[in-house]
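Participant: Note that our numbering has the sequence shown beginning at 1, numbered continuously upward. Ideal Cβ positions, reconstructed from N, Cα and C, are used throughout, including at glycine.
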Amino acid sequence: MGFLQKLFGSHSDHELKRIYPIADKIEALEPQMQALSDEELRAKTDEFKTRYQAGEDLDSMLPEAFAVVREAAWRVLGMKPFRVQLIG
1 MGFLQKLFGS HSDHELKRIY PIADKIEALE PQMQALSDEE LRAKTDEFKT
51 RYQAGEDLDS MLPEAFAVVR EAAWRVLGMK PFRVQLIG
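#1: Taking buried to mean at least 16 other C-beta atoms within 10 Å of its own C-beta, is Ile19 buried or exposed?
#2: Determine the extent of the alpha helix (DSSP H) in which Phe82 is found, giving its start and end residues.
#3: Is Arg75 near the ligand PLP, judged by its Cβ being under 7 Å from some heavy atom?
#4: Is the beta carbon of Arg70 closer than 8 Å to that of Ala23?
#5: I'd like to know whether the C-beta atoms of Leu29 and Glu64 end up nearer to each other than 8 Å.
Given below as structure tokens:
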């Protein structure tokens with residue numbers, strides 16, 4: 001590892017620093033998603049469409065959308081994506 005890479009970090013380091021807060025937000029939404037009924041969880045898709053059509057940025061909805069998918073995976077498959085899988 002070169003001096004500059006040690007000093008400034010690699011491209012991967014920078015990407016992880018950008019992505020970790022998103023994964024934190026997804027995980028923080030878990031209790032909120034668990035509290036939803038199956039119907040309320042399904043209705044989130046239409047809510048996302050409405051919010052997008054109203055001009056909300058997709059990036060701002062990303063943590064909540066991933067949290068919904070994560071909860072749906074748990075309910076349907078009995079499996080939940082781990083943090084490293086959320087990161088990519």
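Facilitator: A quick look at the data gives this:
#1: Its Cβ having fewer than 16 others within 10 Å, Ile19 is exposed.
#2: Element bounds for Phe82: n/a, residue is neither H nor E.
#3: Looking at this structure, you won't find the ligand PLP or any other ligand, since it has none at all.
#4: Inclusion of Ala23 and Arg70 in the CB contact set at 8 Å is not warranted, their separation being larger than that value.
#5: A contact, by the Cβ cut-off of 8 Å.
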